[in-house]
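Heads up: the structure comes next, in structure tokens.
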């Protein structure tokens with residue numbers, strides 16, 4: 104069984120930065136990709152960014168391109184999301200996602216962008 108543990112959320116002022124981490128543990132085999140989604144209050148969950156595990160190809164939602172960077176550490180089965188130039192509209196619960204033989208979701212970490 105695979106578990107995802109997220110960390111790094113918190114309160115930050117507009118224009119600030121945060122780095123989210125997500126570590127996969129358990130029976131982790133043949134990861135295809137890992138990524139991040141977010142859900143703001145009253146809204147549906149939306150895609151933020153993803154990275155393929157073997158080739159390191161990255162994909163971003165238009166709303167975060169140029170501000171967010173996704174990266175991975177294959178040896179640690181960990182994915183990161185560096186978030187810069189944060190805006191109030193980035194406020195949401197951020198969920199880590201892993202795609203392998205099964206799809207796994209983390210418990211979520213809250214990011215609040217407010218002055």
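In the numbering used here, the protein residues as written are 104 to 218. Each residue gets a CB set at the ideal place from its N, CA and C atoms; glycine is no exception.
Between residue i and residue j, what straight-line distance do the alpha-carbon atoms span, to the nearest angstrom?
i, j, result
"residue 207", "residue 107", "7 Å"
"residue 154", "residue 199", "12 Å"
"residue 145", "residue 196", "12 Å"
"residue 179", "residue 126", "7 Å"
"residue 139", "residue 189", "16 Å"
"residue 134", "residue 181", "11 Å"
"residue 160", "residue 201", "15 Å"
"residue 52", "residue 158", "Nothing in the structure corresponds to residue 52, since the chain is present only between 104 and 218."
"residue 168", "residue 129", "32 Å"
"residue 172", "residue 184", "6 Å"
"residue 118", "residue 147", "24 Å"
So, at 6 Å on beta carbons, what are the nonlocal neighbours of residue i in its own chain, with the 5 sequence-adjacent residues on each side left out?
i, result
"residue 150", "140, 164"
"residue 193", "216"
"residue 112", "212, 213, 214"
"residue 116", "218"
"residue 170", "187, 188"
"residue 142", "148, 195, 196"
Leaving out five residues on either side along the sequence, give the residues of the same chain with a beta carbon under 8 Å from the beta carbon of residue i.
i, result
"residue 205", "105"
"residue 203", "105, 131, 132, 133, 134, 135"
"residue 156", "134, 135, 136, 137, 175, 177"
For the ligand NAP, I want to know if residue i counts as a neighbour, meaning its beta carbon is within less than 7 Å of at least one of the ligand's heavy atoms.
i, result
"residue 115", "In the structure on display, the ligand NAP does not appear, and there are no ligands present to speak of."
Tell me whether residue i is buried or exposed, calling it buried when 16 or more other Cβ atoms sit within 10 Å of its Cβ.
i, result
"residue 209", "buried"
"residue 114", "exposed"
"residue 109", "buried"
For residue i, which residues in the same chain have their Cβ closer than 7 Å to its Cβ, ignoring the five residues on either side in sequence?
i, result
"residue 162", "152, 153"
Starting from residue i, follow the beta strand (DSSP E) in both directions and report where the run begins and ends.
i, result
"residue 205", "Premise fails: residue 205 is in no beta strand (DSSP E) and is neither H nor E."
"residue 142", "136-142"
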